[in-house]
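For the sequence shown, my numbering assigns the number 9 to the initial residue and increments by one for each residue that follows.
A virtual CB, placed ideally from N, CA and C, is assigned to each residue, including glycine.
Predicted, not measured: the structure shown is a model, and the values here were computed from it.
Notes follow the structure.
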Amino acid sequence: MLRIAILQMEIVPGDRRANYEKVEKTLDSKWISSDIPTAVILPEIWDVGYVIEDSDKFGDRNASQAAEFLGKLAVKHNCWFTGGSVLALTEKGAANRAMVIDPSGRYMTHYDKIHLIPLMEEQEHLLPGEKRVGFDIEGIRASLAICYDLRFPELTRLYATEGSELQIFSAEWPASRIEHWCTLIQARAVENMMFVAACNRVGTTNGTLFGGHSMVVDPWGKVLYQAGMTEEFVFVEIDTSKVKKARDFLKVFDMRRPELY
C-alpha cells in the first residue's frame, strides 16, 4: 500500500518565498498522519512558476534551496516528496528538475524533463534531460516524468517494462487542452497496467488559464481521484498489488512484438 498526497496549487510567478509558504502552510494545516508510506506530488516548476526565460534571475542553483526546504518538510511529516519540479540552475544551464526526497530528508535522485515543448520555446531556455529515472518507495517501484513527457507513450512504456508500478507526472497544463491531459493519463495507466498519479497547477499566468484536474488512475483505468480547477490537497491510497494482477491477467508485455515495431 502507498498513500499519494497531491497538492494542486496556484503558483506565484517569480516569488519563491510565497510558493514555499503556500506548500508549508498547506501541509501543516491539512496533514493527516498515517502508518502507510506517503508520497507527496507537487506541480511543475512549483517554486517560481513558468519564468524559464529568466532562469538566471529566478533559478535555484542545483535545486539546493528546494532540496533543503522539502527535506525539512519530509522529516516533519514523515513523507516522501516524489515529483513536483523546480527551475534548477546547473553548470551547463537551466533544467526543469523533479527531485525525490525520502522521509529522513535525504535527497535520493532527480529527473530532468526529457521532452521540451517547442510550442513554448523551452529548448531556447532549458537543457533537456538525458536519462530516465526510476526509484523505490518502500518497496514500490515508481518513475518520474514532467508535463509534455505525457504525450510520449514510449517513455512510460519503457518505465513499465523496467518494473515501474507507479508513474508520476507533474505539470503546468493549460485548460484549453485539458481533455488531452485527462485522456492521456488514463491511456498511460491502461496501456501499461500501472497506477498513474498526475499533479497539475491551477490559476492564471500571463493570460494562460491552467486546467487543474490532477488525477490518480489505477491499472484498469479507473479514476480514483480527479480534482477540479481550484486548489486542492488530497490523500489517495493505492494498492500496488493490482499492478501484478493486471499484468498477469492480460500478459500484454509477454505478447509484445518489438522486432516488428
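Exposure of Asp43, with buried meaning 16 or more beta-carbon neighbours within 10 Å
exposed
Beta-carbon within less than 8 Å of Ala26's beta-carbon, same chain only, minus the 5 sequence neighbours each way: which residues are those?
Val20
Assigned secondary structure, Glu32 (DSSP; H/G/I helix, E/B strand, else coil)
helix
Helix, strand or coil for Phe243, going by three-state DSSP, please let me know.
strand
Contact between the region 249-265 and the region 210-224 is defined here as three or more beta-carbon pairs at a separation below 8 Å; is this criterion met?
no
Let's see if you can read the secondary structure: which residues bound the beta strand (DSSP E) around Tyr115?
115-120
Kindly provide the ranges of any beta strand (DSSP E) runs that are 3 or more residues long and lie completely inside the region 219-263, ordered along the chain.
223-225, 231-234, 240-246
Only counting runs of 3 or more residues, tell me where the beta strand (DSSP E) segments fall wholly within the region 162-217, in order along the chain.
174-178, 203-207, 210-213
Along the beta strand (DSSP E) that carries Ala102, what are the first and last residues, could you check?
102-109
Expressed to the nearest angstrom, what Euclidean distance is found between the alpha-carbon atoms of Ser37 and His85?
11 Å
Three-state class that DSSP yields for Glu61 in the structure shown
helix
Residue closest to Pro290, alpha-carbon to alpha-carbon, out of Phe77, Leu166, Ala96, Trp88
Residue 290 is absent from the structure shown; the chain starts at 9 and stops at 269.
Quick one: residues in its chain with C-beta nearer than 6 Å to the C-beta of Leu78, no 5 flanking neighbours on either side, listed in chain order?
Phe89, Ile109
Which one or two residues does DSSP pair with Trp54 in a beta bridge?
Looking at the DSSP assignment, Trp54 forms no beta bridge with any residue, so it has no partner.
Does the beta-carbon of Ile40 have 16 or more other beta-carbons within 10 angstroms, so that it is buried, or is it exposed?
exposed
Going by the CB atoms, is the gap between Val210 and Gly229 shorter than 9 Å?
no
Name the two residues that bound the continuous beta strand (DSSP E) containing Gln16.
10-16
Quick one: residues in its chain with C-beta nearer than 7 Å to the C-beta of Ala254, no 5 flanking neighbours on either side, listed in chain order?
Met201, Pro227, Trp228
Measure the C-alpha to C-alpha separation of Arg196 and Glu138 and round it to an integer number of angstroms.
21 Å
Close-in-space but distant-in-sequence residues of the same chain around Glu61 (CB under 7 Å, 5 per side omitted):
His133
How would you write the range of the beta strand (DSSP E) that Val20 sits in, first residue to last?
Here Val20 belongs to no beta strand (DSSP E), and DSSP marks it neither H nor E.
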